[in-house]
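Trainee:
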Amino acid sequence: GAVIGILGGGQLGRMLSVAASRLGFAAHIYEPGANPPAGQVAAQVTTAGYDDAAALTAFAETVDVITYEFENIPTSALDLLEPLRPIRPGRTALKVSQDRLVEKAFLSDLGLKTAPFAAVDDAVDLAEALAEIGAPAILKTRRFGYDGKGQARIMAPEDAEQALADMAGAPALLEGFVDFSHEVSVIAARGADGSVACFDPGENVHRDGILRTTTVPARLTPAQRSDAVLLSANILNALNYVGVMGVELFVTPAGLVVNEIAPRVHNTGHWTQNGCAIDQFEQHIRAVAGWPLGDGRRHADAVMENLIGDDMDRVPELARQPDTALHLYGKTEVKPGRKMGHVNRVIRPGR
Ligand code: ATP
Ligand code: MG
Ligand code: MG
Numbered sequence: 011g012a013v014i015g016i017l018g019g020g021q022l023g024r025m026l027s028v029a030a031s032r033l034g035f036a037a038h039i040y041e042p043g044a045n046p047p048a049g050q051v052a053a054q055v056t057t058a059g060y061d062d063a064a065a066l067t068a069f070a071e072t073v074d075v076i077t078y079e080f081e082n083i084p085t086s087a088l089d090l091l092e093p094l095r096p097i098r099p100g101r102t103a104l105k106v107s108q109d110r111l112v113e114k115a116f117l118s119d120l121g122l123k124t125a126p127f128a129a130v131d132d133a134v135d136l137a138e139a140l141a142e143i144g145a146p147a148i149l150k151t152r153r154f155g156y157d158g159k160g161q162a163r164i165m166a167p168e169d170a171e172q173a174l175a176d177m178a179g180a181p182a183l184l185e186g187f188v189d190f191s192h193e194v195s196v197i198a199a200r201g202a203d204g205s206v207a208c209f210d211p212g213e214n215v216h217r218d219g220i221l222r223t224t225t226v227p228a229r230l231t232p233a234q235r236s237d238a239v240l241l242s243a244n245i246l247n248a249l250n251y252v253g254v255m256g257v258e259l260f261v262t263p264a265g266l267v268v269n270e271i272a273p274r275v276h277n278t279g280h281w282t283q284n285g286c287a288i289d290q291f292e293q294h295i296r297a298v299a300g301w302p303l304g305d306g307r308r309h310a311d312a313v314m315e316n317l318i319g320d321d322m323d324r325v326p327e328l329a330r331q332p333d334t335a336l337h338l339y340g341k342t343e344v345k346p347g348r349k350m351g352h353v354n355r356v357i358r359p360g361r
């Protein structure tokens with residue numbers, strides 16, 4: 011049977027491996043860290059760094075197609091892999107999403123609304139950007155940020171100095187603060203044949219920069235709902251994308267503002283495991299394997315809650331609740347802020 015190569019062995023790689031296995035594929039995980047969560051379920055694991063050319067080559071030679079669970083794969087590794095096997099989603103999507111500045115420029119060139127933004131490399135840039143954009147604003151590192159890390163809020167101009175210090179010399183981006191009523195995301199998929207399918211938008215609540223819950227359906231008017239889906243399709247088509255993407259949106263009175271995109275399965279799409287016949291992980295595997303996209307229609311309302319750090323203490327009680335599906339990642343070490351699992355509460359019609 012065919013082998014799906016997955017770069018990254020965290021929970022997303024784990025759930026992709028399960029989906030691959032269910033479709034009769036074998037998953038081969040490539041992960042620098044020891045004992046990755048995906049290693050417990052994948053058929054094969056390579057533990058090696060992204061600078062290990064021999065290991066990368068050997069990995070590529072065992073697989074039919076390469077995908078990934080995170081966007082920050084070093085360019086040198088991608089350069090080595092690309093001539094050996096197809097990488098899906100492709101390099102353009104990675105290039106765009108590895109750098110917030112490139113990503114914001116791409117989105118705004120597509121004609122989509124984004125927060126006002128400007129590149130900031132030093133104090134002079136920051137002063138100019140603040141003069142143009144105004145406070146409140148958020149300074150973000152261009153690369154490697156997640157879960158709100160690498161961000162500093164500038165509520166008033168006097169916060170600028172500390173915010174720049176927080177960037178520790180890394181190239182950054184100033185974003186104007188978007189006055190949104192709530193946050194939603196679209197989990198969108200595009201097949202190798204160019205067809206696009208979107209799951210119903212979910213509504214997301216963050217705490218301390220980390221996603222806590224996703225609720226479907228999201229509070230959106232019919233017009234906002236179709237706008238969310240159409241703009242997501244627009245992004246996927248522009249990238250000639252193959253696979254699943256997460257598109258994060260702010261809902262404002264002036265319309266939907268695109269916050270960021272993630273070229274992979276997405277935490278805000280975990281509800282699909284229990285709300286749809288075909289979930290985001292299967293949809294991604296279908297797309298990268300060149301299969302037709304599946305039917306991702308929602309058959310129930312759902313609330314996904316992340317289990318973070320000590321939330322794991324609630325597992326025995328959660329395990330007793332009806333209509334509650336637990337998804338645990340097999341991580342042995344509990345750390346504050348660490349995503350340990352999630353729970354999907356299914357709200358069935360008529361109950
Ligand atoms: P993720 O874990 O989703 O990848 P991240 O670290 O890449 O997060 P963002 O998604 O850019 O960071 O920001 C995290 C959260 O901070 C957003 O979901 C939103 O709540 C808030 N936020 C980010 N940018 C803005 C903005 N320009 N205006 C208002 N709020 C913002
Ligand atoms: Mg992000
Ligand atoms: Mg985000």
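Reading the sequence shown from the start, the letters are residues 11 to 361 in full-length UniProt numbering.
The C-beta atom is built at its ideal place from N, Cα and C for all residues, glycine as well.
Quick caveat: nothing in here was measured; it's all calculated off a predicted structure.
1. Is the beta carbon of E258 within less than 7 Å of some heavy atom of ligand 3?
2. Do the CB positions of F260 and F190 come within less than 8 Å of each other?
3. In terms of residues, what are the limits of the beta strand (DSSP E) holding N82?
4. Among residues of its own chain, excluding the 5 on either side of A207, which ones have a beta-carbon nearer than 6 Å to its beta-carbon?
5. Please tell me whether, using a cut-off of 7 Å, the distance from the CB of F187 to the nearest non-hydrogen atom of ligand 1 is below it.
6. Which residues bound the beta strand (DSSP E) around I318?
7. Between the Cα of W301 and those of V252, Q283, R308, D320, spot the shortest distance and give me the residue it belongs to.
8. Please indicate yes or no: does the CB of N269 lie closer than 7 Å to some heavy atom of ligand 3?
9. How many Å lie between N45 and V73 at the Cα?
10. For K345, which residues from the same chain have a beta carbon less than 6 Å from its beta carbon, with the 5 sequence-adjacent residues on both sides left out?
11. Is any heavy atom in ligand 1 found nearer than 7 Å to the beta carbon of D157?
12. Could you tell me which of L328, I357, K150 sits nearest to W281, measuring between CA atoms?
13. Could you give the C-beta distance for G160 and E79, rounded to a whole number, given that I count them as a contact under 8 Å?
14. What span of residues does the alpha helix (DSSP H) with S118 cover, start to end?
15. For G219, which residues in the same chain have their Cβ closer than 6 Å to its Cβ, ignoring the five residues on either side in sequence?
16. Is any heavy atom of ligand 1 found at a distance shorter than 7 Å from the C-beta of E343?
17. Alpha carbon to alpha carbon, how far is P232 from P263?
18. Are the beta-carbon atoms belonging to M350 and D323 less than 8 Å from one another?
Mentor: From the atom records:
1. yes
2. yes
3. Looking at the DSSP string, N82 is not in any beta strand (DSSP E), and its letter there is neither H nor E.
4. A199, L303, G306
5. yes
6. 311–318
7. V252
8. yes
9. 21 Å
10. none
11. yes
12. I357
13. Not really, about 20 Å apart at Cβ, beyond 8 Å.
14. 110–119
15. D157, G158
16. no
17. 14 Å
18. no
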